[in-house]
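Let me begin by presenting the structure, written as structure tokens, before commenting on it.
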Amino acid sequence: MNKNKVYIETYGCQMNLADTEVVMGILNNKGYELTKEIDSADVVLLNTCSVRDNAEQRIHGRLGNIGTLKQKNPNMVIGILGCMAERLRDDLIKKKKMVDLVVGPDEYRRLPELIDTAFAGGKGIGVKLSRTETYEDIEPYREEGLAAWISVMRGCDKFCTYCVVPFTRGRERSSKLTSVVEEVRLLSERGFREVTLLGQNVNSYSDGENDFADLLTACAEVDNNLRIRFMTSHPQDLSDKLLYIISEYSNICNYIHLPVQSGSDRVLKEMNRTYTIEHYLGIIERARKIIPSVTFSTDIIVGFPTETEEEHKMTLDIMAKVRYDGAFMFKYSPRKGTRAFKMEDDIPENVKSRRLTEIIDQQLKIAYEINQELIGTEDIVLVENLSKKSDQFYSGRTDTNKIVILPIGNNVKIGDFVKVKLYKATSATLFGDFIEIVDVYRK
Ligand code: SAH
Ligand code: SF4
Ligand code: F3S
538 MNKNKVYIET YGCQMNLADT EVVMGILNNK GYELTKEIDS ADVVLLNTCS VRDNAEQRIH
598 GRLGNIGTLK QKNPNMVIGI LGCMAERLRD DLIKKKKMVD LVVGPDEYRR LPELIDTAFA
658 GGKGIGVKLS RTETYEDIEP YREEGLAAWI SVMRGCDKFC TYCVVPFTRG RERSSKLTSV
718 VEEVRLLSER GFREVTLLGQ NVNSYSDGEN DFADLLTACA EVDNNLRIRF MTSHPQDLSD
778 KLLYIISEYS NICNYIHLPV QSGSDRVLKE MNRTYTIEHY LGIIERARKI IPSVTFSTDI
838 IVGFPTETEE EHKMTLDIMA KVRYDGAFMF KYSPRKGTRA FKMEDDIPEN VKSRRLTEII
898 DQQLKIAYEI NQELIGTEDI VLVENLSKKS DQFYSGRTDT NKIVILPIGN NVKIGDFVKV
958 KLYKATSATL FGDFIEIVDV YRK
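Under this note's numbering, think of the first position of the sequence shown as 538, with each following residue one higher.
Structure representation (structure tokens):
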């Protein structure tokens, strides 16, 4: 019998990338063949994101293209998974006749059954959220590689007033420490060199017995040549215990993604971010004391309702104070169902654009300056790829998550840890000379 072929495209955050691997694991177990060619697929799935309006617009556009394929192959099943499925539910099916499946993040176990419904001519809908689903017993389908991610918790209980995630992903719940550690062990045995532990708010990880610092410790101890990253940290819950653990284990990356969102206490309060700038700066200061080489990245929203020019300057101010190594910067996008949606979206588009340009320009300047200061220093790079720009170079990353270009040669292979001396830098890339291949990862 010919196996049915599934094609899947992933949008949004790393949680969605991790979920796609869970979905492929589930379908692969049921005998589906996974394909990278949409034209030959019997089932086409889009794992979607709702975080901002433009994320959803992209999916609507993509569905238009896929509609043309379906005209050629009317038996093709088209499914929407992920956050947009959860947010729009059967509206999607009513408005887009070509969509056969709408399955939210907590219903992936039912996918084989729902796909069967669709093959039989019905509509497969699964959008219940769960308080317990973690998929921890399902082995994600991962291709060979160096870097993998593991969802260690799902959902979010923070309810920042602008954010749709608590509605699309449901309540917080964590996988058992033992199951995460077992997955890390399997990845290490398969030759992976880096694992990222994922959650919307990993600092509130709890499996009843262990907190996030315990989990990080247990994962770091599996293999000291396996780098451990984690994201995202919420400033409210980042403990000193965690900072000490990061400093203690050389294979836990000295890199913290700590979204600040705004530099104004009043705006933070309107956003329900539950911390003040003073508290936030306190964490940065303690982290830098405990982990001297730590780097930070952040998320920032400009143009939240009622944000004044002065408050926008406060955001520029906190960025200049912290000096982030990286930042993801967004214009506020009203999301139906959130608390902020009830506020008037009163910052005009041109003002949002100008504020965004200002913070991006400042961030690029700061990142450039930080990177210039690294010239002449040494660091360890995980060699990940051939450089896109030249066939004489590899590209890799430091544990502080910076991209480094280094020469091919000296017996260096993809997957090696290599000590380099940095000789050039832009705002986004460092360039290093080879010093030596490092057998045991030590900073
Ligand atoms: N849980 C993570 C990630 C959430 S989504 C966290 O708390 O950081 C990633 C980022 O998208 C958020 O940090 C925020 O900066 C941005 N974001 C979320 N909702 C948004 C909205 N309605 N408009 C603009 N940006 C938004
Ligand atoms: Fe959204 Fe806030 Fe939860 Fe992050 S912490 S996912 S921004 S509600
Ligand atoms: Fe988007 Fe959902 Fe992630 S809304 S950012 S895919 S949790």
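All residues carry an ideal CB built from backbone N, CA and C; glycine is no exception.
Starting from residue 922, trace the beta strand (DSSP E) in both directions and tell me its first and last residue.
The residue you call residue 922 lines up with position 385 of the sequence shown. First-last of the beta strand (DSSP E) with residue 922: 915-923.
Give me the residue from 838, 559 and 701 with the minimum Cα distance to residue 623.
In the sequence shown, the residue the question calls residue 623 occupies position 86. Closest option to residue 623, Cα to Cα, is 701.
Do the stretch 836-844 and the stretch 933-951 touch if we need at least three Cβ pairs shorter than 8 Å?
no
I'd like the list of long-range same chain contacts for residue 855, defined as Cβ closer than 7 Å, with 5 residues on each side in sequence excluded.
Numbered from its first residue, the sequence shown carries residue 855 at position 318. The residues are 797, 800 and 814.
Hey, residue 713 and residue 673: beta-carbon distance below 8 Å or not?
Here residue 713 is taken as the residue at index 176 of the sequence shown, counted from 1. Here residue 673 is taken as the residue at index 136 of the sequence shown, counted from 1. Closer than 8 Å, so yes.
Where residue 710 falls, given that 16 or more other Cβ within 10 Å makes a residue buried:
Residue mapping note: residue 710 aligns to position 173 of the sequence shown, counting from 1. Buried: at least 16 other Cβ atoms inside 10 Å.
Report whether the distance from the Cβ of residue 552 to the nearest heavy atom of the ligand F3S is below 7 Å.
Counted from its first residue, the sequence shown places residue 552 at position 15. It does: the Cβ of residue 552 is within 7 Å (strictly closer) of some heavy atom of the ligand F3S.
Report the partner residues of residue 794 according to the DSSP bridge assignment.
Start at 1 with the first residue of the sequence shown, and residue 794 comes out as number 257. Answer by DSSP bridge pairing, in chain order: 834.
Among 596, 591, 579 and 576, which one has its Cα closest to the Cα of residue 585?
Within the sequence shown, residue 585 is the residue found at index 48, counting from 1. Ranking 596, 591, 579 and 576 by Cα distance to residue 585 puts 596 first.
Cβ contact (3+ pairs, closer than 8 Å) linking the stretch 622-639 and the stretch 892-908:
no
Decide if residue 781 is buried, meaning its Cβ has at least 16 other Cβ atoms within 10 Å, or exposed.
Stepping through the sequence shown from its first residue, residue 781 is reached at position 244. Burial call: exposed.
Given this structure, state the Cα-to-Cα distance separating residue 638 from residue 651, to the nearest angstrom.
The residue labelled residue 638 in the question sits at position 101 within the sequence shown. The residue labelled residue 651 in the question sits at position 114 within the sequence shown. Cα to Cα, the separation comes out at about 7 Å.
Residue 688 versus residue 600 - alpha carbon distance:
Looking up residue 688 in the sequence shown gives position 151. Looking up residue 600 in the sequence shown gives position 63. Their Cα atoms are separated by approximately 28 Å.
Go ahead and label residue 668 buried or exposed: buried means 16 or more other beta carbons lie within 10 angstroms of its beta carbon, across all protein chains shown.
Position 131 of the sequence shown, counting from 1, holds the residue named residue 668. Exposed, by the Cβ-count rule.
In this structure, how does DSSP classify residue 725 when only helix, strand and coil are distinguished?
Residue 725 sits at position 188 when you count from the first residue of the sequence shown. Here residue 725 sits in helix by DSSP.
Alpha helix (DSSP H) segments (min. 4 residues) lying fully within the stretch 658-745:
702-706 and 714-726
Rounded Cβ spacing between residue 742 and residue 690 (contact assumed at less than 8 Å)
Mapped onto the sequence shown, residue 742 falls at position 205. Mapped onto the sequence shown, residue 690 falls at position 153. Contact holds; Cβ gap of about 5 Å.
So, for residue 567: in the same chain, excluding its five sequence neighbours on each side, which residues have a beta-carbon less than 8 Å away from its beta-carbon?
One-based indexing of the sequence shown puts residue 567 at position 30. Excluding sequence neighbours, residue 567 sits near 649.
Please tell me whether residue 642 and residue 555 are closer than 8 Å, where the distance is taken between their beta carbons.
By 1-based counting over the sequence shown, the position of residue 642 is 105. By 1-based counting over the sequence shown, the position of residue 555 is 18. No, they are not a contact pair.
With respect to 7 Å, is the separation between the Cβ of residue 620 and the closest non-hydrogen atom of the ligand SF4 below this value?
Here residue 620 refers to the residue found at position 83 when the sequence shown is read from its first residue. Answer for residue 620: no, Cβ out of range of the ligand SF4.
Under 6 Å from any heavy atom of the ligand SF4, by CB: list those residues in chain order, please.
693, 695, 696, 697, 700, 702, 703, 737, 738 and 771
Relative to the C-alpha of residue 830, which residue among 862, 892 and 841 is closest?
In the sequence shown, counting from the first residue as 1, residue 830 sits at position 293. Comparing Cα positions, the closest option is 862.
Please return the same chain residues whose Cβ sits closer than 6 Å to the Cβ of residue 846, not counting the five positions on each side in sequence.
On the sequence shown, position 309 is the one that residue 846 refers to. Answer for residue 846: no residue qualifies.
Neighbourhood of residue 572 by C-beta distance below 6 Å, restricted to the same chain and skipping five residues each side:
Position 35 of the sequence shown holds residue 572. Answer for residue 572: 542, 544 and 578, listed in chain order.
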